[in-house]
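S.K.: So that we are looking at the same thing, I have put the structure below in structure tokens.
Numbering (this note's numbering), first residue to last: 2 to 223.
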């Protein structure tokens with residue numbers, strides 16, 4: 002049985018080169034895509050749907066309340082249910098924070114984009130963990146805005162852990178920091194975890210043109 006291929010990708014509001022983003026995603030041949038920084042303002046829904054269509058995927062979760070996250074799925078992936086969850090924002094409300102979630106057969110997938118401030122990241126992690134408390138096997142994927150060993154990674158480890166082996170993901174032009182991650186519950190076998198690249202016929206110029214982040218691929222035996 003072919004493993005489930007999951008991709009997480011911060012697409013920088015599609016402000017760099019939307020066609021390059023679609024090329025990168027298609028080249029990775031994903032079953033599930035967790036996106037961060039999808040468009041949220043002018044014609045946002047139309048732009049996300051267009052991206053999904055150009056990648057041969059469906060827009061399965063995201064939109065209002067998702068905080069700029071989304072989940073795309075391949076046509077052969079059965080989505081049992083989907084939704085979004087709002088996350089707390091300190092101070093004056095300027096932008097909604099949230100996450101996107103899909104439930105597949107035997108697996109729940111959450112796309113997250115944690116904020117820059119540490120205390121807000123920890124509050125968001127606590128809310129996501131509460132939502133997933135009884136979810137069974139699950140994956141949390143996204144832009145954590147801190148490297149491994151940070152407090153958010155430690156808090157998430159109460160439920161999902163880092164399979165390891167992945168290189169730096171940011172910035173795409175000269176990556177030095179690993180802040181994009183795919184974390185899985187202990188019962189899930191992650192058979193591959195890597196930054197997308199030559200194995201997907203993607204080269205540095207492709208990835209630099211698409212976004213300021215590099216995409217991360219995980220293959221899971223589910």
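Each residue gets a CB set at the ideal place from its N, CA and C atoms; glycine is no exception. Quick caveat, the model's predicted, so the values are computed rather than measured.
Since residue 5 contacts residue 32 with CB under 8 Å, what's their CB separation in whole angstroms?
M.R.: Along the chain shown, one-based indexing puts residue 5 at 4. Along the chain shown, one-based indexing puts residue 32 at 31. Right, the Cβ-Cβ distance comes to about 5 Å (below 8 Å), so this counts as a contact.
S.K.: Please list the terminal residues of the continuous beta strand (DSSP E) segment that includes residue 220.
M.R.: Taking the first residue of the chain shown as 1, we reach residue 220 at position 219. Where residue 220 is concerned, the enclosing beta strand (DSSP E) stretches over 217-222.
S.K.: Can you find at least 3 beta carbon pairs, one from the segment 140-160 and one from the segment 168-186, that sit closer than 8 Å?
M.R.: yes
S.K.: Of all the beta strand (DSSP E) runs that stay within the bounds of the segment 128-205, which reach a length of 3 or more residues?
M.R.: Qualifying beta strand (DSSP E) stretches, in chain order: 139-144, 181-185, 190-196.
S.K.: Do you know offhand how far residue 164's Cα is from residue 185's?
M.R.: Walking along the chain shown from the start, residue 164 turns up at place 163. Walking along the chain shown from the start, residue 185 turns up at place 184. Cα to Cα, the separation comes out at about 8 Å.
S.K.: Below 8 Å CB to CB, which residues in the same chain sit around residue 156 once its five sequence neighbours on both sides are set aside?
M.R.: Numbered from 1 along the chain shown, position 155 holds the residue referred to as residue 156. Cβ within range, chain order: 123, 126, 127, 130.
S.K.: Return the residue from the list 14, 169, 100, 187 that minimises the CA-CA distance to residue 61.
M.R.: Within the chain shown, numbered from 1, the residue matching residue 61 stands at position 60. Minimum Cα distance to residue 61 is reached at 100.
S.K.: Would you identify the three-state DSSP class for residue 53, choosing helix, strand or coil?
M.R.: Start at 1 with the first residue of the chain shown, and residue 53 comes out as number 52. DSSP, read as helix, strand or coil, puts residue 53 in helix.
S.K.: What residue range does the alpha helix (DSSP H) around residue 30 cover?
M.R.: Stepping through the chain shown from its first residue, residue 30 is reached at position 29. Note, residue 30: premise wrong, no alpha helix (DSSP H); not H, not E.
S.K.: Taking buried to mean at least 16 other C-beta atoms within 10 Å of its own C-beta, is residue 120 buried or exposed?
M.R.: As a first step, residue 120 must be located in the chain shown, where it is residue number 119. Exposed, because fewer than 16 other Cβ atoms sit within 10 Å of the Cβ of residue 120.
S.K.: How would you call residue 112, buried or exposed, if buried means at least 16 neighbouring beta carbons within 10 angstroms?
M.R.: Mapped onto the chain shown, residue 112 falls at position 111. Buried is the call here.
S.K.: Could you work out which residue in 77, 158, 68, 3 is closest to residue 85 when comparing CA atoms only?
M.R.: Taking the first residue of the chain shown as position 1, residue 85 is located at position 84. Cα-wise, what sits closest to residue 85 is 68.
S.K.: Which residues does DSSP list as the beta-bridge partners of residue 71?
M.R.: For the purposes of this step, residue 71 is identified with residue 70 of the chain shown, where counting begins at 1. DSSP, once it has assigned bridges, lists 36, 63 as partnering residue 71.
S.K.: Does DSSP put residue 114 in a helix, a strand or coil?
M.R.: As a first step, residue 114 must be located in the chain shown, where it is residue number 113. It is a strand residue.
S.K.: Residue 73 and residue 34 look like a contact to me (Cβ under 8 Å); what is the Cβ gap, rounded to whole Å?
M.R.: Within the chain shown, the letter at position 72 stands for residue 73. Within the chain shown, the letter at position 33 stands for residue 34. Confirmed, Cβ separation roughly 4 Å.
S.K.: From which residue to which residue does the beta strand (DSSP E) around residue 86 run?
M.R.: Locating residue 86 in the chain shown gives position 85, where the first residue counts as 1. Taken as a continuous stretch (DSSP letters only), the beta strand (DSSP E) holding residue 86 covers 80-88.
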